[in-house]
Each structure stands twice: as structure tokens, then as C-alpha cells.
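Listed in order, the protein sequences are those of chains V and E. Residues 1 to 408 in the UniProt record's numbering are what the first sequence lists, from first letter to last. Residues 1 to 408 in the UniProt record's numbering are what the second sequence lists, from first letter to last.
Number of protein chains: 2
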Amino acid sequence: MDEILGKKVRIKAKGKVFEGIVMPTRSGNLILKLDNGYNVGFSEYEILDVFEAERASFKAEPITKKPELPNVKIISTGGTIASKVDYRTGAVTSQFSSEEIVAEVPEIENICNIDSMLLYNILSENMKPVNWIELSKEIYSSIKDGYDAVIVTHGTDTLAYTATAVSFMLSTPVPVLFVGAQRSSDRPSSDATMNLICSAHVARSELGEVAIVMHASTSDDYCYIHRAVKARKNHTSRRDAFQSVNQKPLGRVSYPDGRIEWHVDFIKRGERELELKSNLSEKCVLVKFFPGLKPDVLEYYYSKGYRGFVLEGTGLGHVSSDWIDTIRGISDDSLIVMTSQCLWGRVCDRVYDTGRDLLNAGVIEGEDMLPEVALIKIMWLLGNYDLEEAKKLVKKNLVGEINPRTSY
Amino acid sequence: MDEILGKKVRIKAKGKVFEGIVMPTRSGNLILKLDNGYNVGFSEYEILDVFEAERASFKAEPITKKPELPNVKIISTGGTIASKVDYRTGAVTSQFSSEEIVAEVPEIENICNIDSMLLYNILSENMKPVNWIELSKEIYSSIKDGYDAVIVTHGTDTLAYTATAVSFMLSTPVPVLFVGAQRSSDRPSSDATMNLICSAHVARSELGEVAIVMHASTSDDYCYIHRAVKARKNHTSRRDAFQSVNQKPLGRVSYPDGRIEWHVDFIKRGERELELKSNLSEKCVLVKFFPGLKPDVLEYYYSKGYRGFVLEGTGLGHVSSDWIDTIRGISDDSLIVMTSQCLWGRVCDRVYDTGRDLLNAGVIEGEDMLPEVALIKIMWLLGNYDLEEAKKLVKKNLVGEINPRTSY
Chain V
1 MDEILGKKVR IKAKGKVFEG IVMPTRSGNL ILKLDNGYNV GFSEYEILDV FEAERASFKA
61 EPITKKPELP NVKIISTGGT IASKVDYRTG AVTSQFSSEE IVAEVPEIEN ICNIDSMLLY
121 NILSENMKPV NWIELSKEIY SSIKDGYDAV IVTHGTDTLA YTATAVSFML STPVPVLFVG
181 AQRSSDRPSS DATMNLICSA HVARSELGEV AIVMHASTSD DYCYIHRAVK ARKNHTSRRD
241 AFQSVNQKPL GRVSYPDGRI EWHVDFIKRG ERELELKSNL SEKCVLVKFF PGLKPDVLEY
301 YYSKGYRGFV LEGTGLGHVS SDWIDTIRGI SDDSLIVMTS QCLWGRVCDR VYDTGRDLLN
361 AGVIEGEDML PEVALIKIMW LLGNYDLEEA KKLVKKNLVG EINPRTSY
Chain E
1 MDEILGKKVR IKAKGKVFEG IVMPTRSGNL ILKLDNGYNV GFSEYEILDV FEAERASFKA
61 EPITKKPELP NVKIISTGGT IASKVDYRTG AVTSQFSSEE IVAEVPEIEN ICNIDSMLLY
121 NILSENMKPV NWIELSKEIY SSIKDGYDAV IVTHGTDTLA YTATAVSFML STPVPVLFVG
181 AQRSSDRPSS DATMNLICSA HVARSELGEV AIVMHASTSD DYCYIHRAVK ARKNHTSRRD
241 AFQSVNQKPL GRVSYPDGRI EWHVDFIKRG ERELELKSNL SEKCVLVKFF PGLKPDVLEY
301 YYSKGYRGFV LEGTGLGHVS SDWIDTIRGI SDDSLIVMTS QCLWGRVCDR VYDTGRDLLN
361 AGVIEGEDML PEVALIKIMW LLGNYDLEEA KKLVKKNLVG EINPRTSY
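Below you can see the structure in the form of C-alpha cells.
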């Protein structure tokens, strides 16, 4: 299928005629991107025409940097936000050049000078801890090279995981902003441009934290600036899928004027030294509890060398009482943190019997941390500290992941 | 400690004097329920006084049934909502008699005639599928005996799990209402009375479904009536912790007047025949995916005889591509359902490559089902149908667990 990849074709299938651009796939089917932006797969089809001229290579004007504007590095890792480029070239391995970005989103030229790099072009569900480490090193180098901010474009599915990992690994004196899109750029309702423009405005701001900049509502009126370690994708498809949990968003950016309103205190630009601690222990696991789940899964992971466990318990932080012996048996040389599948609110294991028994058995309360954030925190702690130190630090707020007081 | 259990004592500990009722515990510590309603544990203490007279047994007036009112059965399973009784008797094995309920919540006498039974008095994190089966049989018998509605009091932690299990097991012609309390009855902010009164009002209504009746806001103004299979506990401690997800609540009940506003269509009283299908397969597991999680956990469960898997994937329903071979290897004789950790929204694996590969490997899309609901649904399907039939039924809306169209 390589010879037609990226070309516009007309095919006959299912008794109808379809026209579209041939997309890359591993499935063996023919995937066409139709004019309405949707991808459709065909297992049986007949090719009627191949439009040779359509595989136009990308042409863009060279851009001139303006000395009065800040310099921002855009690192692309793939995902829906990069898919406009895919659509034009028909290839997933498209170069994500600053010229391309400016051609697609010309407004950005008046906000900041951008340099870009394509670090990955992978689907976000395929991001792994090793990618988090490479990305954090790339961001570190960019800041060291003098960039005034870094924007990372990322698929939305695991964007919050990656942004959380970078939050722990990298102490940053400048804004490090994660941005994605829920709808691809070739759909009329795409959020790619607005999210990118808003992140460029935040890149000029006084923020000195890792944040996520995404649609705040179903209108195109503003984006929220979420503290990465307090944010979560809470809808499969809505453009305002990201929400801050147990914490107000740091602020919001009006679109298109870029005016920022801050809602809570934040770490300012220049307040922290640039520092990278990029080790992560991969022998950590998140286990979501449900009634009837047996504790043997903990023993399974323990026997395979896992020493970091996040339990996503019920309510204030519970698992059934028949888990307690297993927990006691592995807690001496493991870090076991309790979080809640409620997601909102704070665990407190001192109220009911089971909770107190869990604490006595060696479980540590995860306070109001999201389960996913607690997981990445223990990966980072066990990668950089000994167990005793990690047990102390896990309950401490390090980068905003624990809100000292929950506001309703 | 048995000789002082349930008695009021005065102790010296941590240099101070405390007074309270001795609560049962397995922890070995002394747990006192103080006058402010909080439990406090002491590992070292000195008993100063034991007030023998305080262990008063419960006295209540016999109640007279009113022929014009509907007859409602209240089944108690334990949890915070029953804790006022605990407080008075000091014992977890208190009788939960209708006289006691009327004494605590006298308004209920003018809404319905109640009979009550104490089925369990266990913490809700200790509820197991076997308890769901026993409870559904008890509800079935009560309806068969002619009760016009059944109210189940339950700890909030796993209330939605139990209510969901009953929804699948029991076809009911009358309202079956689950009610709990986030704050125990002996605290000023308790929601126990209001939730119970509201459920009594719904017990008189035209509903013919399994529903959850809980505080709708932080004020004491009304309760929501949630369809059980669409509800979730989304906050560890707030009184309005329960929310309907991917579905509006069925309606709301004003407090204290009991006026009901319905928001969506529902199954009416008498529309369904009473029927019980109470088998559940316990060889089912819910696995929450995160970046870096390896698919060997599926093989582990498969080798132990598990044939039902709910994956809590990212976004529209993804796990990383390196899971696909493992899934393909077990999918022929397993039921594998994809849901989303976003919780809100609908999975759709036909949009991206990984999704299409997952479908080809045998994964079934869980539509807009909550992961916990999908788990209980496959436990029920594999308990009552053969695999091929279960694979067909899992995508079908059976009791409202799949919303044909997601409303935003």
C-alpha cells in the first residue's frame, strides 16, 4: 500500500464510491481520511482512481524572529494536535517544523518566537516511563539553552500522566506547558489552534510551573491553566475534558486576546533553580480495588520485584479487611499508598476500623492525591531516594500534588 | 475489653482526660466514641471510671400500621447510616428494629408503614459478591411477600456496586432504593435522616427501578434519585458525593415535603415482572491501565481461570499496543470489555489505530458504561449465560447501564 500512501484516491466499497487520502496503518485495512475529516477503514475495496497530484509536499515561508518577543521551544510528541500536518502530508512521520506551525497558526508569530522539534510521533497510549525521562531531558536542555518557555504538544489520553512525571522530575524556572487537542485540526470543531495559541500566551506569563493548557468550556472563549499534578482527563471526547481535581485551576486565558486571570497562588518564573532528577522506578503498580478482589495480586507483583503500590481504594481509603494480612506481609520493604477511587476528596483512614488496621499494617495515606499522580510520585521517589526517605516524602507536598486544605 | 464494651468510661491518656463510649474494634487499641461523635483510638491509657448505668438498652414505643399507607421493607446492611443506633447501644450488632427507626426518624410514620430487618452489620468495604446474592434474594422475597417498596441502608463506599449488582440480578416491579449516609447520625451535619425520609417518599412513587437516593447538594433541600447503574461515589466525604455519570439523575425529591420532580423517562411500577437471576461469576477482574503497565497481569488472571476482564483504558478506550498480542491470546474464550478511566463519555475504538487493533484482537467496547458497572455486568452475564450469548449481551442496554445517546 506504500505506493498510494498519502495520495488522494477514489474507491468503490460496500456498493458506494468514496474519496479520501490514504492514511498509514498497521491493520492491513485501507484507511481513508474523508473530506469531512473522519477516518474510515475498508477491508474489501476496489481502487478506481489515484490522484497523483494531490500528494503535495509542504511549502512554507521562512519566518523572521522578533527580538522583542520571548523565545519558546515547542516539542511535539504526537497525538491529535499534530494531526493537521498528518492530513496534509498523509504521513505520521511528518516534520513538525516551526514553519509548519506558523503556516497553520499564523497568530502565534505575534505572541512569541518559536523553534520546534519532533521528539516523537506516537499515540499517547504508547508513551512509556522511558519516554517521560527522554522528554524531561529534552525540556531541561531547552531551558538550559535559554528558552523562555517550553510547550509540549501531546495526545490527550496520557497527557496528564506525562505532565505529572515531568512535574516531579524537573524543577523549572520557566513555564512548561502541555497542550493537546480532543478533535483533530481538520474537523470544524477542532480545539487545536485555540489550545496552542492560549499556551503561547501562558508561555509569556510569570508562571514557573508545569501546567496543562486546555479548553475550559464547550465554547471557544477561554482555556484553563491546570497545575499538571492536579489535573485529569475526565471525558472521553469533550473539548473541556481536562479538569483540576481537589484544586482550582491556576487560572484562565481568554481567547483570542490572551488576557490571563490567576485564581490561586503559583510558583513564579525564576523562583526555582533548573534541576533534573530523572530516575524512575518501574517496579510500581496501581491496583484499583473492587468488592471481591483478592489480595493475591499484591503478592504476584511483590514476587516479581515490585516495591511500590498505589491502592485505589473505596471511599475514605479502604480495601476489604481480608487484605490486611497481605499488606502487612509486604509493607516492611515496600511503599504502599492509599488513594480513593472517588477521585474527589481526601483519604482519611483514621475514621473507621478497617482504615486504622490498614495504617497499622503499613499503608500510607495519599491525602488528596489522584491515584495516577500518587503512582508517578512513588515511581519517582523510589527511583531517587531510599525506602525510608521515600516513605517520609510521599506524604509531603513536593510540587503541588497535595493540597494542604481541600476547598469544596 | 469485652466487659466495658458499650459502656461509658472516663480515661486518662496523653496527659488528658477523655470520656466516651467504648467501641468494638479488632485493632487492640481502645476506641472511644466521644460526645462530639468522633471516634478516637488510644494505645496507652488508664481507665479512671466505668459508668455502669450508661449501657442502657433501647426502649421504644410499639408502632401501629396505618392501612392507607404503603408497606415498605427496610433492609439494613450496616454502614454509617446505622451508626446512630451503634452510638446508643455501643454495639455493632444492634437490632435495627422498625421501632428504633421510628424513634429516630418519627416523620417516617406518616409516609409509610415500615418493617425492618438487619441483614448485615458490616462495613461496606467488606461486602462481597456473595452478600450481593443474599441481599437480592432477601429483596426478592420481600417483594414476593407483598411489600410496596424495599429500602436498603448501606455504607456509601460500595453502595453503588451493590445497587448495580441488584439491578442486574433482580427484575423488580416496585422501587428498590439504596440509601446511605456520609456523616454519622450523631454528628450535627448528618445526612442520615434526610436521605432516609427522601427514600421513603420515593418508595411511595411510581418508580419501578433500582435507584440510589442521596443528598443532591450541600444544603438540606433535596435528594437526587440516581439510576443505580449510572451512579458513582465521586467524593470521599461530601454529603452530595453521589453523582449520575453519562445520564441525568432520574429525578429529585424535595425535603422535607417529599415532592418529586422526574427528569428523564424511567420504568414504572408494575411494568416489569418480579424475577431473580442471582448467579454471579467471581472469575472476573477490573484492570486499570496506566503507561508502562505490562499485560502479564491479564495472563496471571487467565491462568487462574478468570474469563471476564474489564479494562479501564485511557481516553476513548486504549491500552498500549504491546497489549494486543496478549489480548488476542485470551480473547477466544474470554469476555474482554473496554471502558475508560475518563469515566465521563463513551469509548469508541474505531477512531485510532490502537483501537481498531484492539477490536480485531477481540475487545468489546463498553459504550458509556462505568468501569465498575461493566465489571458487575460481566460477572452477571458469565454467571447466567454462555460466552457467546454474554458477548452479544454485554453491548446491549439491559437495565439502563448503557445510555443510547450521551447527552452533554
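Glycine residues also receive a C-beta, built at the ideal position from the N, C-alpha and C atoms.
| Selection from Glu367(E), Glu206(E), Val50(E), Val179(E) that minimises the alpha carbon distance to Asn195(E) | Val179(E)
| message | Quick test of the definition: if touching needs 3 or more C-beta pairs under 8 Å, does the stretch 160-174 of chain V touch the stretch 267-279 of chain V? | response | yes
| request: Return the CA-CA distance between Val72(V) and Asp115(V), expressed in angstroms with no decimal places. | output: 6 Å
| request: Taking only beta-carbon positions, decide if Asn384(V) is within less than 8 Å of chain E. | output: no
| message | Within 8 Å of any Cβ in chain E, is that where the Cβ of Lys391(V) sits? | response | no
| Where does Lys66(V) fall in DSSP's three states? | coil
| task | Tell me whether Thr218(V) is buried or exposed, calling it buried when 16 or more other Cβ atoms sit within 10 Å of its Cβ. | result | exposed
| query | Short check: CB of Asn234(V) to CB of Gln247(V), under 8 Å? | reply | no
| said: Can you list, in chain order, the residues of its chain with a C-beta nearer than 6 Å to that of Thr354(E)? Leave out the 5 residues immediately preceding and following it. | reply: His318, Ser321
| Glu44(V) classed as buried or exposed, judged by whether at least 16 other C-beta atoms fall within 10 angstroms | exposed
| message | Below 8 Å on the Cβ atoms is my contact criterion, and I expect Leu48(E) with Lys12(E) to pass it. Report the Cβ-Cβ distance as a whole number of Å. | response | 6 Å
| Hey, is Thr326(E)'s beta-carbon within less than 8 Å of any beta-carbon in chain V? | no
| task | Take the Cβ of Phe51(E) as the centre, count every other Cβ of all protein chains shown within 10 Å, and call the residue buried at 16 or more, exposed below. | result | exposed
| From Gly315(V), Gly308(V), Asp265(V), Pro67(V), residue whose alpha carbon lies closest to that of Asp332(V) | Gly308(V)
| Would you say Tyr300(V) faces chain E, with C-beta separation under 8 Å as the test? | yes
| said: Going by DSSP in three states, Ala160(V) sits in which element: helix, strand or coil? | reply: helix
| message | On the criterion of 16 or more Cβ atoms from any shown chain inside 10 Å, does Pro371(V) qualify as buried, or is it exposed? | response | buried
| message | If you measure between the beta carbons of Pro291(E) and Met127(V), is that distance less than 8 Å? | response | yes
| Hey, is Phe290(E)'s beta-carbon within less than 8 Å of any beta-carbon in chain V? | yes
| Okay, do the stretch 378-396 of chain E and the stretch 251-258 of chain E touch, 3+ Cβ pairs below 8 Å being the bar? | no
| In angstroms, rounded to a whole number, what distance separates the CA positions of Asp325(V) and Leu293(V)? | 15 Å
| query | Residues in the stretch 205-239 of chain E with C-beta within 9 Å of chain V's C-beta atoms, listed in sequence order? | reply | Thr218, Arg232, Lys233, Asn234, His235, Thr236, Ser237, Arg238
| query | Does DSSP put Ser219(E) in a helix, a strand or coil? | reply | coil
| request: Mind listing the chain E neighbours of Lys128(V)? Cutoff is C-beta to C-beta under 7 Å, in chain order. | output: Pro291, Gly292
| message | Check this for me: beta carbons of Ser334(E) and Gly313(E), under 8 Å apart or not? | response | no
| request: Report the neighbours of Tyr161(E) on chain V: residues whose CB is nearer than 8 Å to its CB, in chain order. | output: Phe290, Pro291
| task | Just grab the DSSP bridge partners of Arg227(E) for me. | result | Ala211(E)
| field | Contacts of Ser340(V) in chain E (Cβ-Cβ under 8 Å) | value | Thr236
| task | Check whether the Cβ of Glu134(V) lies closer than 8 Å to any Cβ atom in chain E. | result | no
| query | Which residues mark the beginning and the end of the alpha helix (DSSP H) in which Lys137(V) is found? | reply | 129-144
| request: Express the C-alpha separation of Lys7(V) and Glu68(V) in angstroms, rounding to a whole number. | output: 42 Å
| field | Contact between the stretch 295-308 of chain V and the stretch 123-140 of chain E (3+ Cβ pairs under 8 Å) | value | no
| task | At 7 Å on the CB atoms, spell out the chain V contacts of Gly345(E), in chain order. | result | His235, Thr236, Ser237, Arg238
| Limits of the alpha helix (DSSP H) - the one that Val373(E) falls within | 371-384
| task | Note down, in chain order, every chain V residue with its Cβ under 7 Å from the Cβ of Asp157(E). | result | Thr314, Gly315, His318
| task | Could you check what DSSP says for Cys348(V) in three-state terms: helix, strand or coil? | result | coil
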